[in-house]
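Okay, so the sequence shown: first residue is 1389 according to the numbering used here, each after it adds one. Every residue gets a Cβ at the ideal spot worked out from N, C-alpha and C, and that includes glycine.
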Amino acid sequence: MTDLTPREIVSELDRFIIGQSDAKRAVAVALRNRWRRKQLGDDLRDEVYPKNILMIGPTGVGKTEISRRLAKLARAPFIKVEATKFTEVGYVGRDVEQIIRDLMDAAIVQVRENMREDVKAKAEAAAEERVITAIAGSDAREGTRDMFRRKLHTGELDNTMIELELADTSNPLGGMDIPGQPGMAPGMDIGAIFGKAFGGRTIKKRVTIAESYGLLISDEADKLLDD
């Protein structure tokens, strides 16, 4: 949650959105009030309820962009959903719950990305060691590893092909229908759960050293987060 004042929030929104000064001021005050609520003690905070924000206007006036920028300032998840179908007469189903699941998924991804930044330095160091091991072998002497390390830093080996063993993040079970709700995905990734239970699946991939760093850093960061 940002600690910016309403004036600072409006100034930030002005950088990206033209006009709509009243809307900007209203959402800036609302966001600041939420920040103020978080500063209250636990007992008093329970007595102060946050209010939702409802923006009304024709297409193209900036409702979505204001919401998106405000979410970014608040470091909150953001999704855009076409909810018109949920208000149709005779509508029956559970699809509306998918909105909440999508928002939760977006929040998990955002938190995980923030946590990845915290372990980025360790992940980069571990990724470099794995690249050197892939080139020189696991039993190479330290002098040999240092020689390859220098070549890595100068970019001499960028086009060299290596084979990596990476965590398989795909879901082998695919989508699954819920009885009575065809076409709906379940609320949890069953494939990911079983993957964790049995130690996780891995795949082998041949890539250049230049391409390998992004894959390895992501892989090592996930290991650190799981630990």
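The three-state secondary structure of K1592, taken from DSSP, is strand. For the 9 Å CB-CB criterion, G1450 and I1487 do not form a contact. Fully enclosed alpha helix (DSSP H) runs of no fewer than 4 residues occupy 1451-1461, 1484-1506 of the segment 1450-1510, in order along the chain. Ranked by Cα distance from N1547, the options V1469, A1598, D1430 are led by A1598. Burial is judged here by how many other beta carbons sit within 10 angstroms of a residue's own beta carbon; V1398 has at least 16 and is buried. Secondary-structure assignment with DSSP links M1549 through a beta bridge to T1596. Taking A1464 as reference, the option from P1438, A1494, A1411, M1549 with the minimal CA-CA separation is A1494.
By the CB criterion at 9 Å, L1442 and T1390 fall outside the cutoff.
Excluding its 5 nearest sequence neighbours in each direction, E1553 has C-beta neighbours in its own chain below 6 Å: T1590, K1592, listed in chain order.
In this structure, the alpha-carbon of T1452 lies about 39 Å from that of A1515. DSSP places L1392 outside both helix and strand once states are collapsed to three, so it counts as coil. If you check the CB distance, I1550 and V1499 do not come in under 9 Å. The Cβ-Cβ distance between A1522 and S1600 falls below 9 Å. Counting the other Cβ atoms within 10 Å of the Cβ of V1469 gives fewer than 16, which makes it exposed.
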